[in-house]
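Here's the structure we're looking at; comments come further down.
Residue numbers (this note's numbering): 586 to 785.
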């Protein structure tokens, strides 16, 4: 039901929003899985470059995580178009990042190492946007949810990842990019296991 401020009340809104988000996220998962299977289909032609492949795995984990923790929005009573469009934008970032990390064509590049080195700035800018948007999304779920689920750990996690991403934008070291990518995926895995084992 609408009120004079354009908000909509009712749990059915959450179901509607999740359907749209699922459609958008499905594009990301499809691209990532299809792209990564290329390394199995053509092992002689498609050589794995650790930072690139690890970030692709990170995105798969992050999308799974995102889809899981959005259940917290089921408790939200008031919805507005602004919140709806924000969540769609959040999901669109996953699509954009998936397209950047695993492009349709690689004709003008020597391989994924060459591709990632030439396009990693675009990827890290999108990652920085994603991490920032995630903070806003967390706050949308409400203070009670934040204090129950996150506490001191979340801001430290976000600060480390954001600082690491900024360093990645400025630093061209292959070793740093590999270490940061591995660190990020381990951090994400621990985050999922420790904080989101059940929905409550």
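From the three backbone atoms N, C-alpha and C, an ideal C-beta is built for every residue, glycine too.
- Proximity of the region 734-753 to the region 621-632 falls short of the contact definition, fewer than three beta-carbon pairs being nearer than 8 angstroms.
- Residue burial annotation: residue 598 is buried, with at least 16 other C-beta atoms found within 10 angstroms of its C-beta.
- Note on the region 629-669: whole alpha helix (DSSP H) runs with a minimum of 4 residues are 635-654, in chain order.
- Apart from the 5 residues on each side of it in sequence, residue 644 sits with its Cβ closer than 8 angstroms to the Cβ of 613, 617, 679, 682, 683, 686 in its chain, given in chain order.
- Per DSSP, residue 600 is one residue of the alpha helix (DSSP H) stretching across 597-621.
- Segment contact: the region 709-716 against the region 664-673, fewer than three CB-CB distances shorter than 8 angstroms; contact not assigned.
- Secondary structure note for residue 702: its alpha helix (DSSP H) is the uninterrupted segment 697-725.
- With 16 or more neighbouring CB atoms inside 10 Å of its own CB, residue 602 falls in the buried class.
- Residue 709 is a Cβ neighbour of residue 754, given a cutoff of 8 angstroms.
- Apart from the 5 residues on each side of it in sequence, residue 675 sits with its Cβ closer than 7 angstroms to the Cβ of 718, 722 in its chain, given in chain order.
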